[in-house]
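Report on one structure; see the data block that follows.
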Amino acid sequence: MNCLIIEDNNNTVAMLQGIITDNFPNVTVSGISSSINEGVNLIKQKQPEFIFLDVNLDDGEGFSILNQFPNPKFKVIFITSYSKYAVEAFKFSALDFILKPFSPKDIITAMNKVIMNQNQENQKEKLNTFIHNYNSQNKKIVLSDAENLHVISIENIIYASSENSYTIFKLKNKEEIVVSKSLKSFDEKLASFHFIRIHQRYLVNLDFIEKFHKKNEEILLSNGHTLPVSKTKKEVLISALKNL
Numbered sequence: 056m057n058c059l060i061i062e063d064n065n066n067t068v069a070m071l072q073g074i075i076t077d078n079f080p081n082v083t084v085s086g087i088s089s090s091i092n093e094g095v096n097l098i099k100q101k102q103p104e105f106i107f108l109d110v111n112l113d114d115g116e117g118f119s120i121l122n123q124f125p126n127p128k129f130k131v132i133f134i135t136s137y138s139k140y141a142v143e144a145f146k147f148s149a150l151d152f153i154l155k156p157f158s159p160k161d162i163i164t165a166m167n168k169v170i171m172n173q174n175q176e177n178q179k180e181k182l183n184t185f186i187h188n189y190n191s192q193n194k195k196i197v198l199s200d201a202e203n204l205h206v207i208s209i210e211n212i213i214y215a216s217s218e219n220s221y222t223i224f225k226l227k228n229k230e231e232i233v234v235s236k237s238l239k240s241f242d243e244k245l246a247s248f249h250f251i252r253i254h255q256r257y258l259v260n261l262d263f264i265e266k267f268h269k270k271n272e273e274i275l276l277s278n279g280h281t282l283p284v285s286k287t288k289k290e291v292l293i294s295a296l297k298n299l
């Protein structure tokens with residue numbers, strides 16, 4: 056496989072090259088760039104299978120490079136210093152990203168994902184979702200089921216329920232999306248967006264709760280569904296509702 060490194064920190068470049076050389080003999084670093092224009096030209100010349108791309112380059116934001124490739128044929132592993140909003144944007148868009156400072160294990164894990172999944176389908180949707188989330192307060196999330204990749208506004212999710220290792224999302228338009236990931240993984244992503252775990256099986260958008268019946272320990276949602284509230288989550292729910 057052929058890859059590029061677009062990064063303006065020499066130490067980071069050297070570390071990436073060393074990890075690739077030591078662990079991936081079938082991967083060749085065919086070019087290195089530290090700027091946006093040079094990076095664009097390298098991609099056009101080298102036609103890489105994937106690139107390492109620093110989010111913040113000296114001459115601008117790295118993902119502006121991707122504006123030059125509306126239908127990219129390559130995968131992207133983003134490298135970023137910690138930023139709450141950037142990390143949220145990456146998680147919701149399902150793009151691969153690595154936080155600085157990173158370890159060799161972080162790079163190896165990300166590269167193995169790229170090598171095992173070389174299908175570029177839906178890359179454009181993921182990139183568009185990332186850029187939208189990075190620049191907008193109205194966040195979107197990428198949900199992938201057996202047949203499709205769905206780009207959903209978070210504010211349209213009423214609740215999510217757990218079914219073994221699957222998560223079922225119930226949307227405002229009555230659509231259901233079944234995702235082969237655990238509810239816990241979405242609990243962590245959505246916690247800062249008015250979502251609360253009311254039960255081992257349910258993660259709910261507070262904006263859609265119409266009533267909490269204390270005696271029956273259940274909530275009524277705007278779509279007419281009634282969900283149970285576990286005893287351990289009752290006080291947390293009451294506190295969250297009072298703070299709306």
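Count along the sequence shown from 1, add 55, and you get the number used in the numbering used here.
Positions of the beta carbon are idealized from the N, C-alpha and C atoms, including for glycine.
- request: Using only alpha-carbon positions, find the residue among ASN271, HIS268, LYS146, LYS239 that is nearest to LEU258.
  value: LYS239
- prompt: Is ILE251 closer than 7 Å to ALA295 when the C-beta atoms are compared?
  reply: yes
message: Looking at PHE105: is its Cβ nearer than 7 Å to the Cβ of VAL169?
response: yes
message: Nearest by alpha-carbon distance to PHE124: which of ILE91, ILE153, PRO156 is it?
response: ILE91
Buried or exposed by the 16-neighbour rule on C-beta atoms within 10 Å, applied to GLN178: buried
query: Near LYS195, what residues of its chain come up, given a Cβ to Cβ distance below 7 Å and the 5 sequence neighbours on each side ignored?
result: PHE147, THR184, HIS187, ASN188, VAL206, ILE207, SER208, ILE209
message: Am I right that ILE98 and LEU59 are in contact with their C-beta atoms under 8 Å? What's the rounded C-beta distance?
response: 7 Å
query: Based on the DSSP secondary-structure assignment, which residues constitute the bridge partners of PRO316?
result: The displayed coordinates of the chain run from 56 to 299. Any statement about residue 316 would go beyond what the structure contains.
Unbroken beta strand (DSSP E) run spanning ASP77, endpoints: That residue, ASP77, is in no beta strand (DSSP E); its alpha helix (DSSP H) goes 65-78.
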